[in-house]
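Sequence lines, in order, name chains A and B. Counting along the first sequence from 1, when you hit position 222 you're at 222 in the numbering used here, and nothing is skipped either side. Counting along the second sequence from 1, when you hit position 153 you're at 450 in the numbering used here, and nothing is skipped either side. Written out below as structure tokens is the structure these notes cover.
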Amino acid sequence: MGDSVLWVATGLATLLVLVILLVILVDVIKNGAPRLTLGFITKAPSEGMTAGGIFPAIFGTVALVLLMTIAALPAGVATAVFLHEYANPTAAATRIVRIAVNNLAGVPSIVFGLFGLCFFVQFVGGGIDKFFYGGDKVFGQPALIWAALTMAILTLPVVIVATEEALSAVPRDMRLASAALGASKFQTVLHVVLPQAVPGILTGAILAISRGAGEVAPILFTGAAYFLPTLPRTLHDQFMQLGYHVYVLATQSPDVDATRPLLYATVLVLLVLTFALNATAIIVRSRMRKKFSGSHA
Amino acid sequence: MNTQAALSPSESPTGSLSVDQLFVYYGDKRAMGPVSMTIPGKRVTALIGPSGCGKSTFLRSLNRMNEMILGCRVEGEVKLDDEPIYGPGVDAVAVRRRIGMVFQKSNPFPKSIYDNVAYGLRIGGLTDRAELTGKVEHALKQSALWEEVKDRLHESALGLSGGQQQRLCIARALAVEPDVLLMDEPASALDPIATAHIEELIHELAHDYTVVIVTHNMQQAARVSHHTAFFYMGDLIEFDRTQVIFTKPSQSKTEDYITGRFG
């Protein structure tokens, strides 16, 4: 009796999740797909964003996510390697770093946006301008590089935690075998531990990318532009981004009825893009796993 | 015996290990010692004794693998051909290149058979492809694995059987041309046929290497070793030629153990 009640209750809860996802997808696809033409994904917005496409926003999103990954992955992996392989696990400093990482994960994303504005745009960017450009505003304003770095800090804990888990999963046997062959600790980490942790590290990258592609708050003040007729050409240009573009379309349009189909299509593109980025990383990961699974004996 | 005559590729004439007043502590607790003994070069020495007697701890202290264990401390000295391995300025990494180790559970890297054997050579800085290939082949022949794997060197090592994996681990340890090979119950996880292979191999290896083997299996100790050391409760009770240990031990504890009265 109790079993069947639980079965029904958990089943219904599961069903609810599926239904919600389905409703969102059906709604977005039904309303977005008709507007999703080649021109929509290759052209810039026009006529006060009531016509044209979203190419600059797609370009900006991809550029942002790539730069973010380039910044977050090495720093995150290096931090995890230090914490897991080198730091004394019982030392107070190690524990403080761990607490800091966990708290970083809990900070609201708008706070990262403000931090990015203060630290990267005004302090770092302003400083660069002062020393290298004689006070001209080049780096000291919202830009692609600052948005990417802000986003990298936001996703850093994800990468660190995933990498640490991947490192823990590498059997101690492997480290002993390597040490017994006369490998230094660094050689062991580089040639034995890290290669085996790659699938887990890629999982971290996937999670970071998913999060980064969908976040808007951290880039509001650090680099995203309301509308730009041209693509960003340098790291200190501003850029358009899909999530921010959805917000702009939804709240700032002069003609709501003309904008609505564009809005749906933009959301669809954002979903597809996030999905495609994830799928790529998942495929890479499963290939890495298969490479030496040894099941072909 | 004329084993000194240029059998080993290394500079070491004998590869003997002399152990002087060696203690090992885990935290404050004495795990083993004092142990003083001379392990003869180019012979097989077996370490026997009941579980927890300190024989594996002793084995690990011979190539400083104990340093991988948190809270482990070693006192005393071990010398490989009169060169101290614990002295100030001696690098544990350098010690382990001369004193290799094979573990209880075979632990090949999830790499190809070739890359497993080449690993120690590569981290040692050898990049010449022809030289690498020659040394990999030599090591695989020494461990009697060559015939079974020569056509699949670039396949994953994890596809090998348990016994083959253990011989691969032996090949991997031999590839770096150590003087001494330490083996921690190398056949305990294997079936009788694979065990017989390993034992035969150990016998062969003694022509070129000093072999120190920990074993729970007294028949195995009797079959493969020239000398046997009996450990009990962290102490070295008796060390002698294997034949003597198994027929006329001088200590009553040794006799009790080998006749199966405890352990």
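Each residue gets a CB set at the ideal place from its N, CA and C atoms; glycine is no exception.
What number of angstroms, rounded off, separates the C-alpha of residue i from the C-alpha of residue j?
i, j, result
"A:A279", "A:V65", "15 Å"
"A:H84", "A:L104", "18 Å"
"A:A147", "A:G116", "7 Å"
"B:T556", "B:V414", "40 Å"
"A:L156", "A:V97", "13 Å"
"A:K30", "A:T37", "14 Å"
"A:I99", "A:V161", "12 Å"
"B:A491", "B:T342", "21 Å"
"B:A468", "A:A57", "57 Å"
"A:I54", "A:T14", "35 Å"
"B:I336", "B:L423", "31 Å"
"B:V508", "A:P171", "26 Å"
"A:Q196", "A:R260", "48 Å"
"B:S549", "B:G338", "28 Å"
"B:E428", "A:R175", "26 Å"
"B:A441", "B:E497", "10 Å"
"A:L207", "A:D255", "36 Å"
"A:I209", "A:I41", "21 Å"
"A:G125", "A:G140", "4 Å"
Is residue i buried or exposed, if buried means 16 or more other CB atoms sit within 10 Å of its CB?
i, result
"A:M151", "buried"
"B:N404", "buried"
"B:F559", "exposed"
"B:D379", "exposed"
"A:A68", "Per the sequence shown, residue 68 of chain A should be read as Met rather than Ala. Buried, since its Cβ has 16 or more Cβ neighbours within 10 Å."
"A:K130", "exposed"
"B:A303", "With a pLDDT of 36 at B:A303, under the threshold of 50, the modelled position of this residue cannot be trusted; read the value that follows with caution. So B:A303 counts as exposed."
"B:D488", "exposed"
"B:G531", "buried"
"A:C118", "exposed"
"B:S348", "exposed"
"A:D3", "exposed"
"B:Q570", "This structure cannot speak to residue 570 of chain B, because chain B is shown only from 298 to 560."
"B:P475", "buried"
Cβ of residue i within 8 Å of Cβ of residue j?
i, j, result
"A:A169", "A:G135", "no"
"B:A519", "B:F536", "no"
"B:I510", "B:P546", "no"
"A:P142", "A:Q238", "yes"
"B:I410", "B:T512", "no"
"A:S286", "B:V390", "no"
"A:A93", "A:T163", "no"
"B:L478", "B:A470", "yes"
"A:V192", "B:F400", "no"
"B:G368", "B:G324", "yes"
Using a Cβ-Cβ distance under 8 Å, would residue i count as near chain A?
i, result
"B:F355", "no"
"B:R558", "no"
"B:M515", "no"
"B:G421", "yes"
"B:G397", "yes"
"B:P407", "yes"
"B:E552", "no"
"B:K402", "yes"
"B:R394", "yes"
"B:N360", "yes"
"B:M480", "no"
To the nearest whole angstrom, what separates the beta carbons of residue i and residue j, a pair I think is in contact under 8 Å?
i, j, result
"A:S46", "A:P218", "So it is not a contact: roughly 28 Å between Cβ atoms."
"A:A180", "B:R393", "6 Å"
"A:V267", "A:G32", "6 Å"
"B:G312", "B:F320", "No, B:G312 and B:F320 are not in contact; Cβ-Cβ is about 24 Å, not under 8 Å."
Is the shortest distance between the beta-carbon of residue i and the beta-carbons of chain B less than 8 Å?
i, result
"A:V192", "yes"
"A:M174", "yes"
"A:A166", "no"
"A:S184", "yes"
"A:A180", "yes"
"A:Q187", "yes"
"A:A177", "yes"
Under 8 Å, Cβ to Cβ, is there at least one residue of chain E near residue i?
i, result
"B:Y416", "The chain inventory of the structure shown lacks chain E, comprising the protein chains A and B."
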